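Start counting the sequence shown at 2; every next residue gets the next number (the numbering used here). We put the beta carbon where it would ideally sit given N, CA and C, even for glycine. These numbers come from a predicted model, not from an experiment. Down below is the structure, laid out as structure tokens.
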Amino acid sequence: MDEKLLKECICPMCPSYVKCNESLGYCLPGIPTSRCIKSELGCLCPGCPVQEKMGYTKDYYCIRKD
Ligand code: SF4
Ligand code: SF4
Numbered sequence: 002m003d004e005k006l007l008k009e010c011i012c013p014m015c016p017s018y019v020k021c022n023e024s025l026g027y028c029l030p031g032i033p034t035s036r037c038i039k040s041e042l043g044c045l046c047p048g049c050p051v052q053e054k055m056g057y058t059k060d061y062y063c064i065r066k067d
């Protein structure tokens with residue numbers, strides 16, 4: 002896993018975010034959805050630098066990964 006990318010994840014600033022003992026970077030391969038985040042109260046992924054670098058276009062990766 003790219004630790005530099007993980008540090009750029011802005012999930013902790015998100016209104017839906019729930020602090021949990023688990024990895025950030027929910028959008029990244031190998032990172033599962035959150036065990037703690039359950040409610041969609043807004044998502045910052047569309048403005049995240051990781052999203053842009055990876056060429057991703059979705060949101061709410063913490064809750065749903067296709
Ligand atoms: S796109 Fe979303 S889940 Fe992925 S690193 Fe950014 S804020 Fe975190
Ligand atoms: S994946 Fe999106 S909704 Fe979930 S915590 Fe990160 S920014 Fe918020």
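Using the beta-carbon of each residue, find all residues closer than 5 Å to any heavy atom of ligand 1 and list them in chain order. C10, I11, C12, G26, Y27, C28, C46, C49, V51, Q52, Y62
Which of helix, strand or coil DSSP assigns to V19: coil
Supposed close pair C71, C44 - CB separation, criterion 8 Å: A query on residue 71 cannot be resolved here, the shown segment of the chain reaching from 2 to 67 and no further.
Since C12 contacts L25 with CB under 8 Å, what's their CB separation in whole angstroms? 5 Å
How is C46 classed by DSSP in three states: helix, strand or coil? C46 falls in the helix class under three-state DSSP.
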